[in-house]
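Number of protein chains: 4
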Amino acid sequence: MGIAERKEREKLQRRRDILEAARSVFSEKGFQTATMDEIAERVELSKPTIYLYFDSKEDLYTSIALEDSYKVMERLKETVASDAGLVEKWQSVWLAFIEHCIENPEYVYISQHILAQESRQRVSDHILEEFDNHTRELVEQVSQLVEESIEKGLARDDLPPRTIVLITWRLTIGLLELHLSGRETEFGVDDYHKFFENSFDVLINGLLQRGS
Amino acid sequence: MGIAERKEREKLQRRRDILEAARSVFSEKGFQTATMDEIAERVELSKPTIYLYFDSKEDLYTSIALEDSYKVMERLKETVASDAGLVEKWQSVWLAFIEHCIENPEYVYISQHILAQESRQRVSDHILEEFDNHTRELVEQVSQLVEESIEKGLARDDLPPRTIVLITWRLTIGLLELHLSGRETEFGVDDYHKFFENSFDVLINGLLQRGS
Amino acid sequence: MGIAERKEREKLQRRRDILEAARSVFSEKGFQTATMDEIAERVELSKPTIYLYFDSKEDLYTSIALEDSYKVMERLKETVASDAGLVEKWQSVWLAFIEHCIENPEYVYISQHILAQESRQRVSDHILEEFDNHTRELVEQVSQLVEESIEKGLARDDLPPRTIVLITWRLTIGLLELHLSGRETEFGVDDYHKFFENSFDVLINGLLQRGS
Amino acid sequence: MGIAERKEREKLQRRRDILEAARSVFSEKGFQTATMDEIAERVELSKPTIYLYFDSKEDLYTSIALEDSYKVMERLKETVASDAGLVEKWQSVWLAFIEHCIENPEYVYISQHILAQESRQRVSDHILEEFDNHTRELVEQVSQLVEESIEKGLARDDLPPRTIVLITWRLTIGLLELHLSGRETEFGVDDYHKFFENSFDVLINGLLQRGS
DNA sequence: AATGAATGAGTATTCATTCAT
DNA sequence: CATGAATGAATACTCATTCAT
Numbered sequence: 010m011g012i013a014e015r016k017e018r019e020k021l022q023r024r025r026d027i028l029e030a031a032r033s034v035f036s037e038k039g040f041q042t043a044t045m046d047e048i049a050e051r052v053e054l055s056k057p058t059i060y061l062y063f064d065s066k067e068d069l070y071t072s073i074a075l076e077d078s079y080k081v082m083e084r085l086k087e088t089v090a091s092d093a094g095l096v097e098k099w100q101s102v103w104l105a106f107i108e109h110c111i112e113n114p115e116y117v118y119i120s121q122h123i124l125a126q127e128s129r130q131r132v133s134d135h136i137l138e139e140f141d142n143h144t145r146e147l148v149e150q151v152s153q154l155v156e157e158s159i160e161k162g163l164a165r166d167d168l169p170p171r172t173i174v175l176i177t178w179r180l181t182i183g184l185l186e187l188h189l190s191g192r193e194t195e196f197g198v199d200d201y202h203k204f205f206e207n208s209f210d211v212l213i214n215g216l217l218q219r220g221s
Numbered sequence: 010m011g012i013a014e015r016k017e018r019e020k021l022q023r024r025r026d027i028l029e030a031a032r033s034v035f036s037e038k039g040f041q042t043a044t045m046d047e048i049a050e051r052v053e054l055s056k057p058t059i060y061l062y063f064d065s066k067e068d069l070y071t072s073i074a075l076e077d078s079y080k081v082m083e084r085l086k087e088t089v090a091s092d093a094g095l096v097e098k099w100q101s102v103w104l105a106f107i108e109h110c111i112e113n114p115e116y117v118y119i120s121q122h123i124l125a126q127e128s129r130q131r132v133s134d135h136i137l138e139e140f141d142n143h144t145r146e147l148v149e150q151v152s153q154l155v156e157e158s159i160e161k162g163l164a165r166d167d168l169p170p171r172t173i174v175l176i177t178w179r180l181t182i183g184l185l186e187l188h189l190s191g192r193e194t195e196f197g198v199d200d201y202h203k204f205f206e207n208s209f210d211v212l213i214n215g216l217l218q219r220g221s
Numbered sequence: 010m011g012i013a014e015r016k017e018r019e020k021l022q023r024r025r026d027i028l029e030a031a032r033s034v035f036s037e038k039g040f041q042t043a044t045m046d047e048i049a050e051r052v053e054l055s056k057p058t059i060y061l062y063f064d065s066k067e068d069l070y071t072s073i074a075l076e077d078s079y080k081v082m083e084r085l086k087e088t089v090a091s092d093a094g095l096v097e098k099w100q101s102v103w104l105a106f107i108e109h110c111i112e113n114p115e116y117v118y119i120s121q122h123i124l125a126q127e128s129r130q131r132v133s134d135h136i137l138e139e140f141d142n143h144t145r146e147l148v149e150q151v152s153q154l155v156e157e158s159i160e161k162g163l164a165r166d167d168l169p170p171r172t173i174v175l176i177t178w179r180l181t182i183g184l185l186e187l188h189l190s191g192r193e194t195e196f197g198v199d200d201y202h203k204f205f206e207n208s209f210d211v212l213i214n215g216l217l218q219r220g221s
Numbered sequence: 010m011g012i013a014e015r016k017e018r019e020k021l022q023r024r025r026d027i028l029e030a031a032r033s034v035f036s037e038k039g040f041q042t043a044t045m046d047e048i049a050e051r052v053e054l055s056k057p058t059i060y061l062y063f064d065s066k067e068d069l070y071t072s073i074a075l076e077d078s079y080k081v082m083e084r085l086k087e088t089v090a091s092d093a094g095l096v097e098k099w100q101s102v103w104l105a106f107i108e109h110c111i112e113n114p115e116y117v118y119i120s121q122h123i124l125a126q127e128s129r130q131r132v133s134d135h136i137l138e139e140f141d142n143h144t145r146e147l148v149e150q151v152s153q154l155v156e157e158s159i160e161k162g163l164a165r166d167d168l169p170p171r172t173i174v175l176i177t178w179r180l181t182i183g184l185l186e187l188h189l190s191g192r193e194t195e196f197g198v199d200d201y202h203k204f205f206e207n208s209f210d211v212l213i214n215g216l217l218q219r220g221s
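Residue numbers (the numbering used here), protein chains in the order written: chain V, 10 to 221; chain U, 10 to 221; chain A, 10 to 221; chain L, 10 to 221.
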């Protein structure tokens, strides 16, 4: 049993190693330009071995975002479980997401790639399903926070909670894409911390219950 | 004279035809999957002829967005020149942009592609420059509207005008990406008109001068 | 008539212009790498115009060597007609040929190209024939010099005169190829004048009638 | 062990097979006209497999001459090591070289191609270097023979040994180009054996120490 | 005579993926 | 489980050459 377990652990580790290498290569070159050869070289495994763990380049690519997705969920749950005030929670969630995305830009790129269905077709059904489900679950989680805020009279009650989440999500992604492109300064943004802060302020301001 | 003019017109038309065909192919297949062969077949011209008008696949791709960009600018200027109220102008600009993007989804995809510098490297300098300049010009145009709004005491004066424009721009793109993916319903959006409307409401609400 | 003549002159001049441009392009790039586009650009004529004067790229290429061939023949006849001594004539002919080839390296390259029949197949029959005839005529001319030398008891009479010419010709080309490659120094040749001189000396020494 | 060795042998054999096929195709069509497709078809391997063994068409082409080069060196060393007289060795070397070139005409064509740097630019550095080094080594080998001849008072001592080698080399190549073109008869050469023999005679005659 | 515009035909190279071992 | 070796399929781009004017 001990043996079987070790084998299992080694297998999982190997899988993680591959994902790690893939992440770095995709990150440097983008999906199309990256090659399985280079990924294999970086994990120091042969190409066929990679195919033992992932069915296709697309699956590998998507699995990276899936892994991130789980990490994001973890951070999210921690934050929600904390006993901070609602607005503080909101901000924490927002900041945690932004932070994660800046540290793992591939998550943004890959999610967008999948959203835009550019690669959807070639991804294995089970992976795609897992990714979609998980993304929806993330939205649900945040929705609960929103509902609570509405109940407490903090957030506007004239909007569906999910709409609020989606607006937040899409704004954040939009801002991140600009930031990650490294071309903000061309548009007059010198201090991106301030820029994100201002953006959050506008959002919250727009979502707050008038008169509260 | 008449002849030279006609030739000139025909040449421009041919260029437009190619762009049109390219637009439809890229739209169906995405940049990588689309082939010059298919584009050529669709315009009913030979491949080399396409290369007479565009230096590379990347240039052709980018030129599509550039063309859109000019159209967007036109609509923008018309709206700004009208004598509607400021908030109405804001809404018109926003709607015009959304409408254009929904009718020409490639504009969104290509702009994002270029923003993410995934293809930047291979696009001819002059085209890239033209595109970048024009994008910045669009931002400037809208900035003026914002500045006017601030002067009149409508919009918050605690934010740089450009920040306001960028937030608006990135939110809109973020929303459009979701909409164009055709997967809104999975996230609980039934009526996307209403969804966009709500989003605009939140945005404006967040940008309005408190107490006004 | 004056008009017709002028036209005729202009036509010939244009032909020469094209050959000149072609010579410089082929010289820089080699046959395959050179393009009709670049040649056209360099003569400042359109591509179809070039085809008005030459039937194909190969014809144009070959015509350059043909032009050289005539020039070589001229120099040869001048030398032979002079009243210098036989050995001096020999040396003059050899030097004139070498000089011409160094000044017009394409002549060497193209002749070799044609000899190796790498391009023969695609050259127009009449041009090929003209080139071949002329080359043979050159050999004949020099043969006469050799025959005279044999009669006078200067050169060995145990060899066919044509063999002597061919040996001379092939040695010279062989040496020129090395020189034109610019890689002599790698083989220890510092002073190519001396090198050519020595070569001539060996050749003459080998051809002289023993005991004379 | 046995297995690894067999694999290694098979790999080398495959490499040789490819070279063999390439040799025959290049020989029939010339460098430019030959296609990788045809070479692949002739070895009955897929095109990518060829690229597993050679980095480019140019490398493949050059490698053919390199292979010949080694064979030539072998024959050369055998001859030099024999205990024949000096003049006999000279003649053996000369004949062996000629024989090899007539049996493997590509060697002449490719060497000349490389010498003329027409393709140099695109050949991998390591292959080019190997080829150049080996060519120089060949020249050195023969130089030793010449030096010995000079010391023994056989050959002229008023010429640098390398000059003698170069003259011999270039004359031989020049003659071979004529012979391989198959157009000697047009220039009056009926018996090419006799022609080569005469050429050698002239050369030796020109190189011998006068009075010896 | 001259040309702007158009094209047919061609080709090296790449890469995800799969066997046989 | 791991891999060395092999490949099918694909694709942007070039260029000599030719019409219609």
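The beta-carbon is built from N, C-alpha and C at its ideal position, and this holds for glycine as well.
Fill in: Whole alpha helix (DSSP H) elements within the stretch 47-104 of chain U, 4-residue minimum
56-62, 66-90
Fill in: Host alpha helix (DSSP H) of S226/L (start-end)
This structure cannot settle anything about residue 226/L, because the visible part of chain L is limited to 10 through 221.
Worksheet item: In chain order, what residues of the same chain have a beta carbon less than 8 Å from the beta carbon of Y201/V, not counting five sequence neighbours either side?
Response: H188, E193
Worksheet entry | Sequence-distant residues of its chain with Cβ nearer than 8 Å to T42/U (five each side left out) | none
Worksheet item: Taking F209/V as the reference, which of Q130/U, L216/U, T181/U, R32/U has the closest Cα?
Response: L216/U
Worksheet item: Whose Cβ in chain U lies nearer than 8 Å to the Cβ of G162/V?
Response: Near G162/V there are no residues of chain U at all, since even the closest Cβ is about 17 Å away, more than 8 Å.
Worksheet item: So which residues on chain L does I182/A lean against when the C-beta distance must stay under 8 Å?
Response: G183, E186
Worksheet item: Going along chain L in order, which residues have a C-beta closer than 8 Å to the C-beta of F196/A?
Response: R145, V148, R171, L175
Worksheet item: Is it right to say T44/L is buried, meaning 16 or more other beta carbons lie within 10 angstroms of its own, or is it exposed?
Response: exposed
Fill in: Chain-order list of residues whose beta-carbon lies under 7 Å from that of P114/V (same chain, five-residue window excluded)
S36, L189
Worksheet item: What did DSSP end up calling A164/V once you bin it into helix, strand or coil?
Response: strand
Worksheet item: Is D46/A closer than 8 Å to K38/A when the C-beta atoms are compared?
Response: no
Discussion item. Less than 8 Å between CB atoms is the rule here; does G39/V satisfy it with respect to chain U?
Written reply: yes
Worksheet item: Under a three-way DSSP split, which group does V132/V fall into?
Response: coil
Worksheet item: Taking any Cβ of chain L, which residues in the stretch 97-113 of chain A have a Cβ under 7 Å from it, in chain order?
Response: none
Worksheet item: Using a Cβ-Cβ distance under 8 Å, would A125/A count as near chain L?
Response: yes
Practice prompt. List the residues of chain L that Q153/A touches, going by C-beta distances under 7 Å, in chain order.
Written response: Within 7 Å Cβ-Cβ: nothing; Q153/A doesn't reach chain L, min ~14 Å.
Practice prompt. Please work out which residues of its chain come closer than 7 Å, Cβ to Cβ, to S158/A, disregarding the five sequence neighbours upstream and downstream, and give them in chain order.
Written response: L95, A164
Worksheet item: For a contact meaning CB atoms closer than 9 Å, what does Q218/A contact in chain L?
Response: The premise fails here: Q218/A is roughly 11 Å from chain L at the closest Cβ pair, so nothing lies under 9 Å.
Practice prompt. Step through the CB atoms of chain U and report whether any lies within less than 8 Å of the CB of D215/V.
Written response: Before going further, note that residue 215/V is Gly rather than Asp in the sequence given. At least one chain U Cβ lies under 8 Å of G215/V.
Worksheet entry | Through-space distance from P169/V to Q126/V, alpha-carbon basis | 26 Å
Fill in: Min CB distance R32/V to chain U below 8 Å
no
Item to complete: Verify the CB distance criterion: does L69/A have a CB-CB separation below 8 Å to chain L?
Response: no
Worksheet item: In whole angstroms, what is the alpha-carbon distance linking E19/L and Q130/A?
Response: 40 Å
Item to complete: Determine the burial state of R179/A: buried for a count of at least 16 other Cβ atoms within 10 Å of its Cβ, exposed for fewer.
Response: buried
Practice prompt. Take G191/L and list the residues in its own chain whose beta-carbon comes closer than 7 Å to its own, dropping the five residues that flank it on each side.
Written response: none
Item to complete: Give every residue of the same chain whose Cβ lies closer than 6 Å to the Cβ of F204/L, excluding the five residues on either side of it in the sequence, and list them in chain order.
Response: V198
Worksheet item: V155/L: which of H135/L, T177/L, F140/L sits nearest, CA to CA?
Response: T177/L
Worksheet item: Any Cβ of chain V within less than 8 Å of the Cβ of W190/U?
Response: A small fix is needed here, since residue 190/U is Ser in this sequence, not Trp. Yes, contact with chain V.
Discussion item. Looking at chain U, is there any beta carbon in it that lies within less than 8 Å of the beta carbon of N207/V?
Written reply: yes
Discussion item. Measuring straight from C-alpha to C-alpha, what distance separates A90/A and E195/A?
Written reply: 40 Å
Worksheet entry | Cα-Cα separation between T144/L and L61/L, rounded to whole angstroms | 26 Å
Worksheet entry | Whole-number beta carbon distance between V174/L and V148/L, since they are thought to touch under 8 Å | 5 Å
Worksheet entry | Anticipated Cβ contact below 8 Å, T181/V with I119/V, distance rounded | Between I119/V and T181/V the Cβ distance is about 16 Å, and since that is not below 8 Å, they are no contact.
Fill in: Neighbour-count burial assignment, G11/A, 16 or more Cβ in a 10 Å radius
exposed
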